[in-house]
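> Letter by letter, the sequence shown follows residues 161 to 350 in my numbering.
Idealized CB from N, CA, C, for every residue including glycine.
All figures in this text were calculated on a predicted structure; none of them were measured in a lab.
The structure's right below; bear with me while I get my questions together.
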Amino acid sequence: MMVAEKSILTTCGYCAVGCQLVVETRHDQVIRVTPDPAGSPNHGHACVKGHFGHGFTHHPERLTTPLLRTPSGAFREASWAEALEFTARRLHETRDRYGPGAVGVVSSARCTNEENFLLQKFARVVLGTNNVDNCARVCHSPSAFALGEALGTGATTSSLDDVERSRLLMIVGANPTEAHPVLGARIRQG
């Protein structure tokens, strides 16, 4: 077994369960991902996606250098400093010319809550816009609305430990084993 040089505790980004994982690296390459035995909510368990779905990190087609479009329409490699300066300048030019409503940000469902918080803060404070969205809104807005109407909040009010201890669960229109495997496993254990 290859020996890791570094271990990093992180949150899995595959679904909303928030499993805690330990990512082990050697020579800046991911060599192993394991569930954190003490991590909540997964308590040492991970689904196949969280455990083995890290091949994208070093995939040969993954972009690792910023690209800027040339006047001819082709892309050229750029430094991070150049790409960030270009992006900042164009966002500010657009905002200054057309107003803050002309710019916005869309986040990934794979971002953590903390990353999403930073992105909305950036949009509101730096860009001066309230145009903030997340791709998860499309698939989760009906459930968030229903939770809000029923419970007063669009988020869950229980932990996975509560789910596991529950005597009765009614699941309608969902497949936790497929969509959230760690949750599905905890339901089966309960």
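Determine the closest residue to Phe246 out of Tyr258, Thr230, Ser303 and Glu165, with distance taken between C-alpha atoms.
Counting from 1 along the sequence shown, the entry for residue 246 is found at position 86. Checking every option, the nearest Cα to that of Phe246 belongs to Thr230.
> Compute the Euclidean distance between the alpha carbons of Arg348 and His340, then round it to the nearest angstrom.
Here residue 348 is taken as the residue at index 188 of the sequence shown, counted from 1. Here residue 340 is taken as the residue at index 180 of the sequence shown, counted from 1. Rounded to whole angstroms, Arg348 to His340 spans 13 Å at the Cα level.
> Taking 8 Å as the cut-off, decide whether the C-beta atoms of Val263 and Thr272 are in contact.
On the sequence shown, position 103 is the one that residue 263 refers to. On the sequence shown, position 112 is the one that residue 272 refers to. Contact: no.
> Rounding to the nearest angstrom, what Cα-Cα distance links Gly308 and Arg186 in this structure?
By 1-based counting over the sequence shown, the position of residue 308 is 148. By 1-based counting over the sequence shown, the position of residue 186 is 26. In a straight line, the C-alpha of Gly308 is about 45 Å away from that of Arg186.
> Measure the C-alpha to C-alpha separation of His203 and Ala164 and round it to an integer number of angstroms.
By 1-based counting over the sequence shown, the position of residue 203 is 43. By 1-based counting over the sequence shown, the position of residue 164 is 4. Each residue's Cα considered, the two are about 22 Å apart.
> Near Ala345, which residues of its chain fall below 7 Å by C-beta distance, leaving aside the five closest residues on each side in sequence?
The count along the sequence shown starts at 1 and reaches residue 345 at position 185. Hits under 7 Å: His205.
> Quick check: the Cα distance between Ala369 and Asn291, rounded to an integer number of angstroms?
The question about residue 369 has no answer here: the residues shown for the chain are numbered 161 through 350.
> Since Gly182 contacts Thr194 with CB under 8 Å, what's their CB separation in whole angstroms?
As a position in the sequence shown, residue 182 is number 22, starting the count at 1. As a position in the sequence shown, residue 194 is number 34, starting the count at 1. Residue 182 is actually Val in this sequence, not Gly. Right, the Cβ-Cβ distance comes to about 5 Å (below 8 Å), so this counts as a contact.
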